[in-house]
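Residue numbers (my numbering), protein chains in the order written: chain A, 396 to 1068; chain B, 466 to 759.
The beta-carbon is built from N, C-alpha and C at its ideal position, and this holds for glycine as well.
As the structure is a computational prediction, the values presented were derived from the model and not from experiment.
Structure first, then comments.
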């Protein structure tokens, strides 16, 4: 035990005052003549003994009262005081600012509650203490002795759009005080104790919490309720103007069951509502149909209209292009007039005369240039000169296809390398008998356009030179030549697909590029292949947005358009890359990047992985912080306990109570006969 | 009626200086309060008739005679017998104590005078004995007005002195009174109980009708003091320091035991016992006297 105002202990000498007063004012017996002394004598002896004892007790009580008053003024307290007074406190305030903390009830959000409690904790810090602030979204301030600045930062903090775990911020808070020695180290974590918030840190990282007092301030609700729109899928992914699109919405629920109303509001269409039943812990799907009627973009919002305490994940945006040109990479040989080699395919896929109506955004490269290209930036790759590709590029093509992309390979003189990796069927030989397509044998979407003789006569081109593909169950013929040999084959490789054409696109092999059917056929091939790869159009809030471009931006300037607000923000791209990086600070919404005539829409939504409010038990949490000294400050009244833990329990109140009790005892004794 | 009785309060009587007047005042006030009381016609018998005069009590009208003569007559009574009455007053210093209006001695003298006056009105010869450590004064009983005045003068001049020797004095009184009499003792009985009771038995043995008036000051009964006190015995000068608040309960128990024992043992000897607080109105004592006289 020690005393905050130990210097006042000299006042204890005042204890002699009541003793002196007692002695000086000791009652003098009053002379009382009395006739019945004979009866008094019988009980006087007991009276004298009691009177002496009473006098002594009164004197002792009065002296004790004075000593206790001095004791109280000296402010005694129990252990713990020395550490704080002599060495100080460093504290880190860690606020879980994930969007889940925007859970609102009775007009108060969890985050507002957390902020209030954080201010309470700040108020308990002793003078000279240092404090830092860390938000789970990543922002932090260093240790500072200016607590008012930290307080201002806490007041400025708002829930983010992110769903990042709080544990890394806790570890960061611990690291910020790694070099602090001989001080009491505290981390105050204000969180809703959702399970999702307590992941994302390795066991090694948690070691940083060793010997740190971690106070968990639970601002969550014991049984939280939430429903969220977790996914929107469009079929097809790139809708066509005037053609219906199916919008498939997935709704998840936690802690609640029953019907919820889901509405779809396309930007240029009418709002539609549907009711779907959800169950606690499960998901439900709602399907809407909408038709893009105009413009190059199809975008809108899906939302839950049923009231929900956590509103931010009740809305989800989508934005996709309409009539989106396929982002295709065409590998073509250097034009050679003698061999009839020309960039037929790239020209057919992206005719300059179509301007912004071009069905494909083509990047044409030679086999040498292919080495420098990132294949994943393209929706499909079409190879017209397989003989010239390096072995490594063939391997890259295989990897590309296996990852889910589409590749078209036109025949060449030596296809063994392709056959070996499954990118081309085995070839028995070369047939030099001229032959034509047999349209009646077409059994593939790429030939749908040519049914009933529309869009050009497919049987017109002559194939004077062709490879004879061996029958193989993995390769499915898409169309046959007149002699029954395959004219196009398709195989599934990994998650992707490969279209194999047993002929080359040059004059030696065929005259196909010279016929009108070649252009639409090329478009359909590109669209078909691109259908198996998904260009990312939806991003989670807080995640950097990379948009792949059809080519390295020759124009550095581009515009970021907020499709909901209709605002444009001019930006400058990095010319060295084939993608542009949009800042991660975009709030949920619908956006587009405009560069030249190229418009790339995308949507930003909250990551609904963070919508799950399922809570972690205290025991589980303690297990996840094995090296820390974890305390749970679940009530606001815990501020007093915190002071006690930090500075020792003050005994002043007890001393005052004891003084009052002694004075009451003195009064009682004085009145007692 | 209520007003008359209120004049029997000691604080009122105290304002009368002359003892004879005081006695008369007490007795007249007492008798005027007896209307309708059970003391009507006490110890007297019919002597003659006289004509009714306004102011005579209606109950004294002889209605049989009225039926015969058609006139109002009232009955007159006279005492059936006469009886010597000895008033024995303790004049020891312990009686000279007061916390109210009157000392125990003054109170006793007042009642003694009143009883003498009342007895004389009934034609009872009245005598007086005063004592402290021994019998200090003795006036034999007579039934003359001049004798009453002598008794009253003696009482008026009497001062408490000496030391209490109640038992010895009462033994002496028992020897002094030859004829069967009514003996009325006023004392605080501050003495060993056995000795006192022995003396009373001696008196009772002589066939006297005995009434004990145990006169106590209110403070003696209650010990109402609060401050630490040095109690000094009025007679012996013995000093005792005590906190009244502490010993009050024990004191009361001891005193009550003494009183109860005196009452019980008096009763066993057919001796009337009356406790008188000096704040008690005089009629209580006179009533007790008249009851005994019946």
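For residue 618 of chain A, which residues in the same chain have their Cβ closer than 7 angstroms to its Cβ, ignoring the five residues on either side in sequence? Around residue 618 of chain A: 650.
Cβ neighbour criterion (16 or more within 10 Å) applied to residue 670 of chain A = Exposed is the call here.
Contact list for the stretch 430-448 of chain A against chain B, Cβ threshold 8 angstroms
Listed by position along the chain: 430, 431, 432, 433, 434, 435, 436, 437, 438, 439, 441, 442, 443, 445, 446.
Where residue 426 of chain A meets chain B, residues with beta-carbon distance less than 9 angstroms:
From the beta-carbon of residue 426 of chain A, the residues of chain B found nearer than 9 angstroms are 694, 695, 696, 697, 704.
Legend entry - Buried versus exposed, by CB contacts within 10 Å (16 or more), residue 630 of chain B: That one is buried.
Cross-chain neighbours of residue 685 of chain B in chain A, by beta carbon under 8 angstroms: By Cβ distance, chain A contributes 429, 430, 431.
By the three-class DSSP mapping on this structure, what secondary structure does residue 433 of chain A have?
In this structure, residue 433 of chain A counts as helix in the three-state DSSP scheme.
The stretch 555-568 of chain B in contact with the stretch 605-613 of chain B per 3-pair CB rule at 8 angstroms:
The stretch 555-568 of chain B vs the stretch 605-613 of chain B: no contact.
Rounded to whole angstroms, what's the CA-CA distance from residue 998 of chain A to residue 813 of chain A? Just pull it up for me.
Put simply, the backbone Cα of residue 998 of chain A is about 39 angstroms away from that of residue 813 of chain A.
Can you give me the Cβ contacts of residue 765 of chain A inside the same chain, cut-off strictly under 6 angstroms, excluding the 5 residues immediately before and after it?
Cβ neighbours of residue 765 of chain A within its own chain (closer than 6 angstroms, five residues either side excluded): 726, 788.
*Measure from the alpha carbon of residue 590 of chain B to the alpha carbon of each residue in B:647, B:621, B:620, then state which is nearest.*
Nearest C-alpha to residue 590 of chain B: B:647.
Just reading off the alpha helix (DSSP H) that residue 548 of chain A is part of, what are its end residues? Run containing residue 548 of chain A: 542-551, per the alpha helix (DSSP H) assignment.
Find the nearest neighbour of residue 357 of chain A within the set A:1017, A:1014, A:1026, A:1008, judged by alpha-carbon distance.
-> The structure shown does not extend to residue 357 of chain A, since chain A is modelled only from 396 to 1068, so the question has no answer here.
* Nonlocal neighbours in the same chain, by C-beta distance under 7 angstroms from residue 797 of chain A, ignoring five residues either side -> Excluding sequence neighbours, residue 797 of chain A sits near 888, 889, 890, 891.
Worksheet item: Looking only at DSSP bridge pairs, what is residue 585 of chain A linked to?
Response: Answer by DSSP bridge pairing, in chain order: A:490, A:612.
Which same chain residues, not among the five before or five after residue 768 of chain A, have their C-beta less than 7 angstroms away from its C-beta?
-> Around residue 768 of chain A: 724, 760.
| task | Check residue 558 of chain B in the structure and name its three-state DSSP category. | result | Of the three classes helix, strand and coil, the one that applies to residue 558 of chain B here is helix, per DSSP.
query: Could you check where the alpha helix (DSSP H) with residue 762 of chain A kicks off and where it finishes?
result: Residues 762-765.
Does DSSP put residue 724 of chain B in a helix, in a strand, or in coil? In the three-state DSSP reduction, residue 724 of chain B falls in the helix class (H, G or I).
**Asked** Between the stretch 601-621 of chain A and the stretch 988-996 of chain A, are three or more C-beta pairs nearer than 8 angstroms?
**Response** Not touching, per the Cβ criterion.
Just how far apart, CA to CA, sit residue 499 of chain A and residue 512 of chain A?
Rounded to whole angstroms, residue 499 of chain A to residue 512 of chain A spans 16 angstroms at the Cα level.
Checklist entry - So residue 841 of chain A and residue 873 of chain A are in contact, right, with Cβ under 8 angstroms, and what is the actual spacing, rounded? => result In this structure residue 841 of chain A touches residue 873 of chain A by the C-beta definition: roughly 7 angstroms separates them, less than 8 angstroms.
Worksheet item: Taking just the CA atoms, how far does residue 854 of chain A sit from residue 832 of chain A?
Response: Approximately 5 angstroms between the Cα atoms of the pair.
- Where do the N-terminal and C-terminal ends of the beta strand (DSSP E) with residue 592 of chain B fall, by residue? DSSP places residue 592 of chain B in the uninterrupted beta strand (DSSP E) bounded by 591-596.
Note to self: Once the 5 residues before and after residue 540 of chain A are set aside, which same chain residues still bring their CB inside 6 angstroms of it?
What the structure shows: Around residue 540 of chain A: 525.
Helix, strand or coil at residue 952 of chain A according to DSSP, with G and I counted as helix:
It is a strand residue.
For a contact defined as C-beta to C-beta under 8 angstroms, what are the partners of residue 422 of chain A on chain B? Result: 692, 693.
Check your understanding: Roughly how many whole angstroms lie between the Cα atoms of residue 579 of chain A and residue 470 of chain A?
Key -> Answer to the nearest angstrom: the Cα atoms are 22 angstroms apart.
Could you tell me which whole alpha helix (DSSP H) segments of length 4 or greater appear in the stretch 608-658 of chain B? Qualifying alpha helix (DSSP H) stretches, in chain order: 610-622, 631-641.
For residue 1077 of chain A, tell me which candidate among A:951, A:795, A:697, A:857 has the shortest Cα-Cα distance.
In the structure displayed, chain A extends from 396 to 1068; residue 1077 of chain A sits before or after that span and is not available.
Would you say residue 749 of chain B reaches chain A, if we count a Cβ-Cβ gap shorter than 7 angstroms as a contact? Chain A, which has no Cβ nearer than 7 angstroms to the Cβ of residue 749 of chain B, makes this no.
Measure from the C-beta of residue 517 of chain B to each C-beta in chain A and report whether the shortest distance is under 7 angstroms.
Taking CB atoms only, residue 517 of chain B has no neighbour in chain A less than 7 angstroms away.
**OP:** Given a cut-off of 7 angstroms, decide if residue 650 of chain B and residue 677 of chain B are closer than it, judged by their beta-carbon atoms.
**Re:** Taking C-beta atoms as the reference points, residue 677 of chain B and residue 650 of chain B count as a pair closer than 7 angstroms.
* Run through DSSP, which three-state label would residue 819 of chain A get? -> When DSSP states are grouped into helix, strand and coil, residue 819 of chain A belongs to the coil group.
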